[in-house]
DNA sequence: CAGTGGTCTAGACCACTGG
DNA sequence: CAGTGGTCTAGACCACTGC
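Chains as they are written, first to last, in this note's numbering: chain A, 1 to 239; chain B, 1 to 239.
This is how it looks when you write it as structure tokens:
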């Protein structure tokens with residue numbers, strides 16, 4: 001009965017630790033500032049390093065921290081607002097948002113082929129692009145264009161610019177977009193300067209012309225640094 | 001030199017394990033089926049339980065698995081497509097998407113007050129609602145309505161329905177929406193039947209009338225089971 | 001009460017960065 | 001080469017579920 005009411009908590013240590021660190025980040029650290037290393041922090045709070053890491057993982061997931069192997073843990077700047085989906089029926093590459101980095105012509109993955117409504121072995125131009133913002137690569141894209149959608153190109157491999165230019169001729173009728181959580185595939189992770197498995201926001205867009213799906217793009221955004229913005233008029237909400 | 005080229009990989013064990021499990025899920029398991037427990041699985045693959053858990057964490061993050069304490073790990077059904085943002089300028093509660101579960105009248109958090117452009121101590125009606133889909137609660141909402149936006153109510157506490165009804169009288173001009181990754185606050189976690197810290201998609205909507213922000217809603221969706229869908233016409237893409 | 005996933009520990013080694 | 005975060009281990013105990 002004399003026990004000093006030492007927290008009747010069922011609250012996990014890492015959860016409590018997270019709140020403490022979160023408050024400290026607000027009050028005692030500036031953006032970009034580097035935190036003590038994990039071993040020191042763990043010792044300071046009297047927990048195992050693994051537990052401390054659980055708290056840091058959460059804060060990183062929320063975009064509060066940035067960790068770089070061999071360097072340290074720094075306080076992250078606020079997330080970047082990235083305009084996605086203008087609402088207008090236009091191809092999104094009119095501005096130079098995306099920079100092509102490659103193209104292949106393989107059979108699309110099963111899930112994509114299903115969306116395209118093509119045979120699973122049909123030829124699909126796959127254009128790979130990246131999107132930068134404030135000097136940082138924030139997204140990697142795979143744009144799948146069935147050969148049937150760009151008859152002008154024939155069946156041979158084509159430059160990314162050629163595929164996109166041909167696609168731009170089509171009179172876009174609409175687009176459906178979905179957003180979900182994913183983890184970065186090895187290839188995307190490299191592009192985004194993250195480790196494989198890093199949390200990403202996957203934006204899947206289906207471009208349609210007269211109820212036919214003419215292209216599908218899968219855009220993989222860094223979830224730690226990005227906040228996707230959707231505005232229903234043309235106005236763009238800057239970071 | 002007689003070593004059998006045992007994988008020159010730098011690939012982490014948990015990453016490789018994840019691929020193996022992922023393939024197994026595709027080929028050998030049906031949705032809803034229960035997996036062997038973590039201790040058995042770890043033993044079977046010859047790794048520590050913590051490592052096995054790292055792989056399962058990833059698969060759960062991707063919505064492939066569902067884990068329930070005291071029960072087991074099951075194969076998750078495909079994510080539910082949840083319509084978000086019709087594109088039309090209308091209040092989203094015309095259909096009965098959201099069910100009120102409470103209301104308070106406190107000062108809003110600093111970040112919200114900033115969006116509302118109110119004093120940080122101004123009275124704000126905070127309506128709490130939940131959204132269900134296929135019998136499961138998929139999202140928890142906090143709708144912040146400054147007293148100034150609903151003058152008809154006076155300053156006293158009001159029922160959620162009254163606040164929303166009053167809000168519905170306003171002639172909505174537009175709305176900005178952002179999507180980002182977060183982790184569930186304790187309160188939301190309870191509502192969503194998840195553990196605190198579970199990954200969630202946070203949709204923040206700012207409702208405007210004549211360039212004034214009249215309300216802000218923060219919608220917290222389960223990231224494991226939901227795929228947010230945005231359609232640019234009225235058509236709703238079902239699950 | 002037995003079995004499950006969730007938390008936690010105290011180590012060890014590795015991969016990477018920068019001086 | 002010293003220091004950082006990333007991976008991995010082999011345990012232990014706890015909280016929760018269902019029988």
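Ideal Cβ positions, reconstructed from N, Cα and C, are used throughout, including at glycine.
I need the boundaries of the alpha helix (DSSP H) containing residue i, first residue and last residue.
i, result
"residue 26(A)", "13-28"
"residue 176(B)", "Unbroken run through residue 176(B) is the beta strand (DSSP E), 174-183; no alpha helix (DSSP H)."
"residue 188(A)", "186-192"
"residue 163(A)", "160-168"
Taking residue i as the query, report the chain B residues whose CB atoms sit under 9 Å from its CB, ordered along the chain.
i, result
"residue 15(A)", "186, 196, 197"
Can you pull the chain A residues whose beta carbon is under 8 Å from the beta carbon of residue i, in chain order?
i, result
"residue 228(B)", "178, 179, 180"
"residue 58(B)", "183, 197"
"residue 79(B)", "180"
"residue 223(B)", "180, 181"
What span of residues does the beta strand (DSSP E) with residue i cover, start to end?
i, result
"residue 198(B)", "Run containing residue 198(B): none; DSSP gives neither H nor E here."
Identify every residue that forms a DSSP beta bridge with residue i.
i, result
"residue 215(A)", "207(A)"
"residue 227(A)", "81(A)"
"residue 202(B)", "180(B), 220(B)"
"residue 100(B)", "129(B)"
For residue i, I'd like the list of residues in its chain whose CB is within less than 6 Å of its CB, leaving aside the five on either flank, ordered along the chain.
i, result
"residue 41(B)", "52"
"residue 77(A)", "31"
"residue 175(B)", "205, 207"
"residue 43(B)", "none"
"residue 124(A)", "108, 144, 146"
"residue 223(A)", "199, 200, 201"
"residue 177(B)", "85, 205"
"residue 180(B)", "202"
"residue 16(B)", "none"
"residue 218(A)", "142, 204"
Cβ closer than 7 Å: which chain A residues qualify as neighbours of residue i?
i, result
"residue 231(B)", "176"
"residue 85(B)", "230"
Which same chain residues end up closer than 7 Å to residue i when comparing Cβ atoms and leaving out the 5 residues on each side of it in sequence?
i, result
"residue 215(A)", "143, 144, 145, 149, 167, 207"
"residue 27(B)", "none"
"residue 59(A)", "18, 21, 22, 65"
"residue 110(B)", "120"
"residue 163(B)", "103, 125, 127, 145, 150, 153"
"residue 221(A)", "82, 138, 139, 200, 201, 203, 228"
"residue 226(B)", "79, 80, 82, 138, 201"
"residue 7(A)", "Reliability fails at residue 7(A), whose pLDDT of 44 lies under 50, so the model's placement of it is uncertain and no value is given."
Please list, in chain order, all residues of the same chain as residue i whose beta carbon is under 8 Å from its beta carbon, the five residues on each side excluded.
i, result
"residue 13(A)", "47, 51"
"residue 130(B)", "98, 99, 101, 137, 139, 140, 141, 191"
"residue 235(A)", "With a pLDDT of 43 at residue 235(A), under the threshold of 50, the modelled position of that residue is not reliable, and the figure given next carries that caveat. Once the five neighbours on either side are set aside, residue 235(A) has no close Cβ partner at all."
"residue 39(B)", "49"
"residue 61(B)", "199, 223, 224"
"residue 29(A)", "35, 75"
"residue 186(B)", "196"
"residue 213(A)", "115, 116, 117, 206, 207"
"residue 173(B)", "89, 208, 209, 210, 211"
"residue 55(A)", "14, 15, 17, 18, 21"
In chain A, what lies closer than 9 Å to residue i by C-beta?
i, result
"residue 201(B)", "179, 180, 181, 201"
Please list, in chain order, the chain B residues whose beta carbon lies closer than 8 Å to that of residue i.
i, result
"residue 62(A)", "181, 182, 183"
Original post:
Of all the beta strand (DSSP E) runs that stay within the bounds of the region 42-94 of chain B, which reach a length of 3 or more residues?
Top reply: 65-68, 72-75, 80-83
Subject >> Length-filtered (3 minimum) beta strand (DSSP E) runs lying within the region 104-152 of chain A >> reply: 123-133, 136-146
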